[in-house]
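Encoded as structure tokens, the structure appears first; notes follow it.
2 protein chains.
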Amino acid sequence: MKSATLMQVAERAGVSTATVARVLKAQGYVSDDARARVEAAVKAIGYRPNAMARSLRQRRSFTIGHMLDAIIVNPFFVNVAHWAEEEALDHGYKTFLFNHNGLAERERIGIERFIERRVDAVLFTNAVSTDNVRLLKAAGIPALQLERSRTPAAPAIRVDNTVGALQAMAHLAGLGHRRIAFIGGDPELIGRGETAGPTVEDDRLAAYGAGLAAAGLPFDSALLRLGKYYSLSESGSGSEGYHHTRALLALADRPTAIFATCDILAAGALQAVYEAGLRVPDDISVIGFDDTLAANLTPQLTTVAQPMEQLGRIGFRAVLAAIETGAWPEQPLLPSHLVLRRSTGPAPL
Amino acid sequence: MKSATLMQVAERAGVSTATVARVLKAQGYVSDDARARVEAAVKAIGYRPNAMARSLRQRRSFTIGHMLDAIIVNPFFVNVAHWAEEEALDHGYKTFLFNHNGLAERERIGIERFIERRVDAVLFTNAVSTDNVRLLKAAGIPALQLERSRTPAAPAIRVDNTVGALQAMAHLAGLGHRRIAFIGGDPELIGRGETAGPTVEDDRLAAYGAGLAAAGLPFDSALLRLGKYYSLSESGSGSEGYHHTRALLALADRPTAIFATCDILAAGALQAVYEAGLRVPDDISVIGFDDTLAANLTPQLTTVAQPMEQLGRIGFRAVLAAIETGAWPEQPLLPSHLVLRRSTGPAPL
DNA sequence: TTGTATGCGTTATCAG
DNA sequence: CTGATAACGCATACAA
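In order, the protein sequences belong to chains A and B.
Here the numbering used here is used: the first residue of the first sequence is 502, the next is one more, and so on.
Here the numbering used here is used: the first residue of the second sequence is 502, the next is one more, and so on.
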């Protein structure tokens, strides 16, 4: 039995479609008698409104698009998407996900699909190309960037990376570490996009420097390793962190702590340390970033958590406001914070 | 500029809407002249078809629903969803995801949303309640289960868990292990659903027994630990594996190898072994299942891989066939297989 | 308090 | 080869 229509409900209840619509939307005057008959009819034939017909008529799909990067490699993206979806559900919305894997061409295709399906707004975590984002503006569809701003073509709800990173550095310094290495995304390779001002990678790196200075520790370029977060092609996605750490451990005066700006990088670091026969945190401490893989690693990873749930929920509420009012609410800067687990300890003597 | 309509294209090109539709769908006779004018008009006003109008008219949404379990805890689900989506994209489809976290009530809500949005079919990875699945049947929407069959109310594309599990056991036995522990999902707690015949958990457990027997090893109930795969509420999702392993290590005659039937369980096992000051694989070998977290763990985990990409792709193609022909294609039993990494080695002397 | 009528943007069926 | 025209299922302005 293909779902019935509103008209069939009306017939069965002996009223007009307008009346059925009124009881369904719980607005407008309806007599108790009519209401009861309609409700009975709805139940009897198992009527379910056709969302597509409704959307066509209202020129609103109650659907938003969510563009994501590297969804099967980095759990960060699924998490943000999950919470955005959760919030959307609470407001009668559904989301369409699209994974661009960092490729502008894929992103363009995804955006075209979104436009064809008439999403009411689009969330980017993260955006790749300004031109693509402009496609949405041209179509009159609001767009919002989450976690970082990579293009000036859309507003962004960003994360304060500095606060959490400084906590991490202070934690390490407080444990007596004097040689702290940094494994991070290269600001030149990652995230620069077309937005002016510091990128996420700039901020994390700057916080490393500031944390060193605050603790009165010298900066040593041998302890600085910048590159990609992970490779999408290689099977062991943490191999970037693994190789950097191998190099670090080969140093004559090796570090006693490593601050990696992604849990995936930290996962690779833990593998390299283990392979070298050293123990974490006894011989070397490790801190990650994101709080994605952290609780599953050995030992459980101390890490700077990103506010993934807030990002998703607040992000959705922001686009909803844009859809309904045409204006963007203020965009808060969401804090990151250190989560202590078992991969950090006192510096070895 | 809100996206233009087909009628506007028609006006601009000086033809009827029917002609525009003909060139857009590349079917039916259109003169080269008319075709050129239409194409120019489409380009000029940046026309994009309205998928909702099309769907309403064709009574087909080119959308499928995908019900998932524990999406932010177990990467397995995102992976299957990703590949199903990828295949869907190749066929002009999009998927709606819905996460039920194992709750029948949530699943019901998700299915209702799917029906309202008129998805053309639904994929379950995995289903919770037979009643919910029947809701789809009542609405005339084809449904297919992926990875395991938990209800007789829909066909299923399942995985052959036995072949991979036997490989794992043979690998361990070949390395000289004689005391091999098993940490797995409890057939009574997980997966029994309403389907007759052995569950996934039955199969994995049976393969453990068969592997033992094949290697001429005795079965020792002290080495058998059954429970849940993970807890959705606890932060460290691998805590189940951690606690089982602590118990195993406390045994007077402890095992030299552990076969855990989920990478998340194995992650917890690795943590417990590490905490006990033992090394993997020197003191104890560990094998997981799924190949999700495996490459990120320390040491990289030997595991039985599930065919996640095939599950997603073949699953989508099967529902597409059901949508188009009304009949289900044959449902293959997809093999699992052992992936060797660094967590297994010769049994200690 | 209720009903009628129109249109949302397509597609499909007809004639021409 | 092309153009009217009628649905698809719902929402809403307007009348009654």
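Think of the CB as a built atom: it goes at the ideal place given N, C-alpha and C, for glycine as much as any other residue.
Keep in mind that this is a model prediction, so the values were computed, not measured.
Using a Cβ-Cβ cut-off of 8 Å, residue 601/B does not count as an interface residue toward chain A, since no Cβ of chain A sits closer than that to its own.
In this structure, residue 554/B keeps its C-beta atom at 8 Å or more from the C-beta atom of residue 567/B.
In this structure residue 750/A is in contact with residue 777/A, their Cβ atoms being roughly 5 Å apart against a cut-off of 8 Å.
Contact residues of the region 638–669 of chain B toward chain A are 639, 640 and 641 (C-beta to C-beta distance below 8 Å). Contact between residue 660/B and residue 808/B is confirmed by a C-beta separation of about 6 Å, below the 8 Å threshold. Contact note: residue 821/A does not reach chain B at a C-beta cutoff of 9 Å; the least C-beta distance is about 17 Å.
Separation of the CB atoms of residue 614/B and residue 595/A is rounded to 6 Å, and the pair is thereby assigned contact status at 8 Å. Exclusion of the five residues before and after residue 668/A leaves 839 as the residues of its chain whose Cβ lies within less than 6 Å of its Cβ. Contacts with chain B at 8 Å (Cβ-Cβ) do not include residue 629/A. Using beta-carbon distances, residue 702/B does not count as an interface residue toward chain A, since no partner is under 8 Å.
One Cα belongs to residue 541/A, the other to residue 550/A, and the distance between them is close to 15 Å. Per DSSP, the continuous beta strand (DSSP E) segment holding residue 569/B begins and ends at 564–569. At a cut-off of 8 Å between beta carbons, residue 794/B contacts chain A. Boundaries around residue 804/B are those of the beta strand (DSSP E), 803–806, since no alpha helix (DSSP H) includes it. At the C-beta level, residue 794/B and residue 576/B come within 8 Å of one another. Residue 533/A sits exposed, since fewer than 16 C-beta atoms from the chains shown fall within 10 Å of its C-beta. The C-beta separation of residue 579/A from residue 572/B comes to about 7 Å, placing the pair in contact by the 8 Å criterion.
Per DSSP, the continuous beta strand (DSSP E) segment holding residue 648/A begins and ends at 644–648. Residue 814/B is outside the set of residues whose beta carbon lies under 8 Å from a beta carbon in chain A. When 767/B, 831/B and 826/B are compared, the shortest CA-CA separation from residue 815/B is found for 831/B.
Scanning chain A for C-beta atoms nearer than 7 Å to the C-beta of residue 799/B yields 771, 772, 775, 798 and 799, reported in chain order. The residue from 648/A, 706/A, 720/A and 717/A with its alpha-carbon nearest to that of residue 727/A is 706/A. When DSSP states are grouped into helix, strand and coil, residue 836/A belongs to the strand group. With a beta-carbon spacing of about 6 Å, residue 652/A and residue 696/A fall inside the 8 Å limit used to define contacts. Distance between residue 762/A and residue 798/B, taken at the CA atoms: about 17 Å. According to DSSP, residue pairing for residue 682/A in a beta bridge involves 759/A. Around the beta carbon of residue 745/A, 16 or more other beta carbons lie within 10 angstroms, which makes this residue buried.
In summary, the residues of the region 536–555 of chain B whose CB is separated from some CB of chain A by less than 8 Å are 547, 549, 550, 551, 552, 553 and 554, in the order they occur in the chain. Setting aside the 5 residues that flank it on each side, residue 531/A is surrounded in the same chain by 520, 523 and 524, each with a C-beta closer than 7 Å to its C-beta; the list follows chain order.
Using a Cβ-Cβ cut-off of 7 Å, residue 579/A is close to 572, 573 and 579 of chain B, given in chain order. The shortest C-alpha to C-alpha distance from residue 605/A to any of 655/A, 588/A and 694/A is the one to 694/A.
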